[in-house]
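Visitor:
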């Protein structure tokens, strides 16, 4: 019989650890209410951006200068009920979805951050990660600042508030703020009269602009424009500030340097496949990765399958290029929820089969090429390969539509430290052997340009190369800086 | 500005009506605890069966004759927490997921039904719909019975209790019960000592049997066996009773008539694609439907896409047969939740785009064949077709992997009455015109046999033909019998 | 430091065990809606009856023959929100509050029980305890009955349903039911057309009748009439059935035997002090008990105090009779809630001081007479006495406004078995010594008549005498019958 | 029949408006863990202080320098579960209960405020109201501060953080902070190493100190010391700062001016009757008020009653002085909850009778003196008087144990503006007439000294006299300052 230590003590609450890297946020804002109430547009937009963050979410609206907001832990569909949306009347909004990291998963950290400063109320929603947040906090603390959250938005809010004292306008304050903050940020700021969007000069995280009736929308991805019925206008340029107010739209490009480096992993995994980021279709990039893999790592096989959902696009591309038929070989259960209960006694193999189940009739006796988007810790690919073998697959050839991860990310994703990355500890051959696959092939680093249809490198691939396009302080590179510089409370 | 009648009054709570027919339940039972605690097996099994019912769920366990249970409204991942599973210790279990119908969505109707009768405690989980429940209720009421729920399990429980008085065993009572109940049922009964599975003589709803260590599992679909790590043994035969107790497994086949008629729509839509029902792979049946459509309704086109998720398998089959490349043309948002908020003001078109978004880069300028599994009320296909056209599709050819619905179902699904079925009101041509597609093609009725690889008809296709293999009382055929024979309370 | 076994393992969840006996239920019903909607009247009435049961509550309304209901675990103020009451439209209602016993604290047991039988829908609310429920269940099970709850209402429902088949009316069925059920019951039955109240021939539990506009109210206590603005009409007579329907009010007195025995402990502790039961003011009875104690157990003292809330009325009486000034000597914290968290490490003395705190300035240096209503297990009086001593009391004289408990109750309260009753194990002197009081005095058994102003005994005092006025089956007297005759599930 | 505008539109949600003034907070802190874990002590202490605030509550603990906290909307018994307390391990704590005002009832405003500043983490709990918070906010905003809440604690935190930069210790920073903040504050500050208590120089709000084992406790009232088993040591002096750290206890008295003015209304109504504030027993003060009233406003009568709970102590005093017997004349329902649902249709009279019900047998035919603590808006006393008359009272003489309210309070209670105070609009005679009482008498202003046993005035009675002992800015006196100076969001 079971005792009460039945649950795996290494995984508190019996909850499965994350197997893929995570984006840390998504933002959505709307100026204008002629088509629909901004809170409803935000609700639709956040639903479309939910893949970028499932921990908490929030909407702040501005009703003729008076800001109200609703935010809480949970999915968009859990946090917002019709009565909540109805209460959030206004003519513009900013909103946010946040990813659940293990550390500071607290209501205080939900966004947008709504705060009062000298010129009234500001609401700020932020996607990205500042690399000098620690230094700024220290400096602000030396001037008497207090911090109630551990989110970068609070740091940004302080600098904007400080700059606003010497600036003639909120946009000028944002313009003065940008040189002071380093790293990745796609930012929405709502003041009593204006909606402002800003993107860091590298353009690490995406940010696009659309039109909804007479109003303007800003969102992390174009799929959020589609969801609220907005027309895509253009991407916010890296370094650009876009201001919308009663007088119309204005662009400030002082910080546009041209040395842009949007995150390549948005194309590989983070973004929704139907989004178009900086002019490149995510879906086409993924299919192209599959085609490239078919040329780089060809193999004789009977069918091509993808690990759902993220491996499917590359699988279609591989099939197209190789002529090997595409098949659905694995079925994913969409009802698992965020807190899947996993008893320790249950074999690891079974645990995967609750989420992913092979289509025996499709794979039995077949030589299979299986596409996946990436390998981080290497904890699941062996389970999937052996699951297919048990289902009767004669051969399993693993193709990964990205190069091996060898460096952590400091720009707003949770790609972990080197000692957790399997590709830092093993060669490709060893990873292949560990996975149990008959062969393994990663996308070549050189082909990332081609994947997104560019002639030359114009993106951040630091997680594959260690070439960090924006400075990362030494203390961050060396350790766990967050534990040194942020309040430790729950 | 908006007033408080902003919500569509026809759709209370702003919740979208169902666009596809629904299965009404799924069952899972385990006898034996040598591999894992039965409650954990049930949890895994119910997660795998969640597509069969999302309203409520429950698990009843039997710990050396003492039954305890936990059931509630909500998804499996919402209703069960580790502490709940830990409390449910035992050596066997029965469990259930229930579909949310508009009518009696009340906690009382959650299953398993646990009740005390002359021989102790019984727990009953039931998938299907009795066609003579009304008659039996009336007859039982004439003998003094009282009813506290509106579920058929309560009717079955009464008859079993009555028959048990004249029977030497619980299985004998179940055997005597079966001739008295008509319609569709796949039934699990847990007595203090035994676990019993029974399937109606027509075999309308699926029920299979597996082995988990030394124990035995019964489940609506094989995907639930996979999820708990059980080996598939065989299907429970239509009309068969299988009894598991300390002495082993026993089969009672008195009611096996050979005139079986499992539901064909399980293959077309209800079941999970990785299940194998009565020897036929659901995935292969769906792909075959696609292949058949490619032969029955060929068209020149650039690519084949499926409406996610249910149209994708047939799309792969159509692509395979026609040689037209398969593409992912539409992306589905998995975060919508069960209570999507839809403002009336928002155009119908947008509402669909929150759930389904076209991959513009894939479909632009292309001639498209789009596969869907069925058309019930005809309320969404036009929106999807026009969404594709707006995304730039040159042509859209609609292919439906089932014949037109022309008759309601009385055997445990919610295919509605004739006046709601579009194919009862319009010809195929008219439906095509309404949809806005360039062409439309339904799977031919005659090819259903071939779809599941059979020589002759051995299934129920009443929803397409009106040939009901088990008697349906006239009063049910004519009206809304539930309002006459069941308690009206919430 | 503390480990995780900090909580007292003997008291699961750190919840304090009950220190006073508990009533098991309260009922409220209204026929008529001219003054206010019945659900609102029930809400007010149940709030007034909440002291009779805090586990679960429910309201069933009848809207022109259609019954709807809402019930759940929790207090009235927690279970019902305005939207719930608004949904419960109708022209009559029955409602219920239930006490939380340790055993079957499950949602299924919440009342009213709403069920469908041959003549339509019935809703039943019941206060009391049948002594032959076990026998009836067995007999009904032999006829094929199934039981889904462990409440007596289900047993009563079955008999009414059976009798209804041979009766011309629901009231006739109730009339035929009464001789078959033994023990204590104050019963409300709502049929499609009628509201029926019935009280057992002994009249163990109270039941009164009032007028609200043109309608009629029934309630366990008159305080519920006051709360909804109804005028008191009269008590329902022991053995009487009162029927209200469109034709007016009708009384059936066949079972009125005159051998009545209402529960004396309602006056001592259970009922609310502002209620009048069977013509006797509860408050006056309690004050009279205090006066009697002053005569039976006089003592020289400086002040009289009562243990809040139940000891205060007797204290006022004692003061009045003795001339010793009444003082508030102990303050009660009303915010403790039902789930007070008690760490084991904390001394028992402190635990009591969170609930009850002495008024040091009032008691310091004083000789005190302290009134309490009863001593059951004897677990708290010593703590209160020593608390007063620590606050500086010079003497503490304990006066108990009831005789010692020496017998369990089988008629609907939870006065426990003899081996838990301290007065079965110790003499009055020993109890006094244990309590640490300078003197102790219980109300004399003979003065109970005088307490309620009667010439002769006309009540049940079985808990003090063992003279059970209605038969109690031997198996119940001897053991733990509930574990033998009821379903064991949670 | 009822329509959906059944609810009174003037009282949203059907919730009764407050009829008594409210305290705005209670604080509790403990340094030391030798007797019990600080979180448990706080839990007990907050339960005892719950009458000071029922909107939200929180506990912050310090575990060797690391602060964790748990706070939420709701009662102490609702917000804290054993698992929450177990997680809050530490060696010291600060904690808080907050009153629910209509305005900013938001989770953000729950206390303690936990924040990070230059020297680490601070947790602050505050009872009182700063009169210059607006000015400080403006000044801080001019220096770049941002505000995320509308509570004074955030203002105090900023000043402490600023002063800490120029101070050698946290207590020095608190010392420098005090001259900058005006108005009422009883403050607890927990730094990584120290627990600090500070009380404003006027001593408006109470704050006492106790000993628990080797540790020290601070609490708003002595009843909280009793609840956690601590010994009372002394009151924190107005203007005093008490510091507890590993080296022991230290007192800083620089700001002790001797011009103290504790709130007289703490004795009349706010504090718990078993507390002793600044050396005066609350209970004795209340009884003395009753005695004084008996001398100031004698009347021939048969009995004295108090409006529960707050009028009872004065009634006992009046009875003692006058010789007229004390009686319980009105019974209070303790189960109403914080959100009593009041239908408009229901007469106002009934609404009161759900909360307060007369003891008919006690009051019938009697001449009654009824004691209440205060009259604010005058909205309920007429209902209680007429309720007694209907119950048969021959005469009702109203005695109020405080002078008439004629001025608002700016020091941390919600005594409202003059145009809501009935005594600003009517003479005592008119109030008496309005109430329907046969006579009315307020406590004379001059006797407040005597009430608390002092020779001369040493308290704040601004609400009766308009003599504000601490400066109140003109803009606050004139209007609704909160709407001008605080963020407007929910």
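Residue numbers (our numbering), protein chains in the order written: chain U, 1 to 490; chain S, 491 to 980; chain F, 981 to 1470; chain Z, 1471 to 1960. Yeah, the Cβ is synthetic: ideal placement off N, Cα and C, and Gly gets one too. On a predicted model such as this, the values are computed, not experimentally measured, just so you know.
(1) Are any of the Cβ atoms in chain F nearer than 9 Å to that of residue 760 (chain S)?
(2) Verify the CB distance criterion: does residue 491 (chain U) have a CB-CB separation below 9 Å to chain Z?
(3) What residues match up with residue 1865 (chain Z) in a beta bridge as DSSP calls it?
(4) Nearest chain U C-beta to residue 600 (chain S) closer than 9 Å, yes or no?
(5) Strictly under 9 Å for the Cβ-Cβ distance: is residue 546 (chain S) near chain U by that measure?
(6) Mind checking if residue 593 (chain S) is an interface residue toward chain F, Cβ cutoff 9 Å exclusive?
(7) In whole angstroms, what separates the C-alpha of residue 1732 (chain Z) from that of residue 206 (chain U)?
(8) Going along chain Z, which residues have a C-beta under 8 Å from residue 1030 (chain F)?
(9) Whole angstroms are fine: how far does the CA of residue 1357 (chain F) sit from the CA of residue 1133 (chain F)?
(10) For a minimum of 3 consecutive residues, which ranges assigned as the beta strand (DSSP E) are wholly contained in the region 50 to 129 of chain U?
(11) By how many angstroms is the C-alpha of residue 543 (chain S) removed from the C-alpha of residue 566 (chain S)?
(12) For residue 1668 (chain Z), I'd like the list of residues in its chain whose CB is within less than 6 Å of its CB, leaving aside the five on either flank, ordered along the chain.
(13) Using a Cβ cut-off of 9 Å (strictly closer), state whether residue 277 (chain U) contacts chain S.
(14) Under the assumption that residue 1281 (chain F) contacts residue 1349 (chain F) (Cβ atoms under 8 Å), give the Cβ distance between them as a whole number of angstroms.
(15) Are residue 1450 (chain F) and residue 1162 (chain F) closer than 9 Å when you measure CB to CB?
(16) Excluding five sequence neighbours on each side, which residues of the same chain lie with their C-beta closer than 6 Å to the C-beta of residue 674 (chain S)?
(17) Taking only beta-carbon atoms, is residue 638 (chain S) less than 9 Å away from chain F?
(18) Anything in the region 126 to 143 of chain U with a Cβ closer than 7 Å to a Cβ of chain Z? List those residues in chain order, please.
(19) Taking Cβ positions, are residue 192 (chain U) and residue 65 (chain U) nearer each other than 9 Å?
(20) Is it a yes or a no for the region 1211 to 1219 of chain F touching the region 1188 to 1198 of chain F, going by three-plus beta-carbon pairs under 8 Å?
(21) Which class does residue 226 (chain U) belong to by DSSP, given the choice of helix, strand or coil?
(22) Can you list, in chain order, the residues of the region 945 to 968 of chain S whose Cβ is nearer than 8 Å to any Cβ on chain F?
(23) Quick check on this structure: which residue in F:1072, F:1378 and F:1446 has the alpha carbon closest to the alpha carbon of residue 1385 (chain F)?
(24) So, with DSSP's three-state summary, where would you put residue 360 (chain U)?
(25) Compute the Euclidean distance between the alpha carbons of residue 1852 (chain Z) and residue 1757 (chain Z), then round it to the nearest angstrom.
(26) I'd like to confirm something about residue 616 (chain S): is its beta-carbon nearer than 8 Å to some heavy atom of the ligand ZN, or not?
(27) I want to see whether chain Z comes within less than 9 Å of residue 300 (chain U), judged by CB atoms only; does it?
(28) So, are the CB atoms of residue 504 (chain U) and residue 435 (chain U) less than 9 Å apart?
(29) If you draw a straight line from the alpha carbon of residue 1012 (chain F) to that of residue 890 (chain S), how long is it in whole angstroms?
(30) For the pair the region 1894 to 1903 of chain Z and the region 1736 to 1753 of chain Z, tell me if three or more CB-CB distances fall below 8 Å.
Guide: For this structure:
(1) no
(2) The requested residue 491 (chain U) is not part of the displayed model; chain U covers only 1 to 490.
(3) In the DSSP assignment, the residues bridged to residue 1865 (chain Z) are Z:1837.
(4) no
(5) no
(6) Because the pLDDT of residue 593 (chain S) is 42, which lies under 50, any placement of that residue in the model is unreliable, and the question is left without a value.
(7) Going from the Cα of residue 1732 (chain Z) to the Cα of residue 206 (chain U) covers about 59 Å.
(8) 1803 and 1805
(9) 30 Å
(10) 56 to 63, 66 to 73, 92 to 98 and 113 to 117
(11) 10 Å
(12) 1644, 1657 and 1711
(13) Not closer than 9 Å to any Cβ of chain S, the Cβ of residue 277 (chain U) fails to qualify, so no.
(14) 5 Å
(15) yes
(16) 618, 619, 690, 694, 695, 901 and 902
(17) yes
(18) Against chain Z - using a Cβ distance shorter than 7 Å - the residues of the region 126 to 143 of chain U are 141 and 142.
(19) yes
(20) yes
(21) helix
(22) Answer set for the region 945 to 968 of chain S: empty.
(23) The shortest C-alpha to C-alpha distance from residue 1385 (chain F) to any of F:1072, F:1378 and F:1446 is the one to F:1446.
(24) helix
(25) 24 Å
(26) Among the components of this structure there are no ligands whatsoever, and the ligand ZN is therefore not found.
(27) no
(28) In the structure as shown, chain U starts at 1 and stops at 490, and residue 504 (chain U) therefore has no counterpart that could be examined.
(29) 57 Å
(30) Touching, no.
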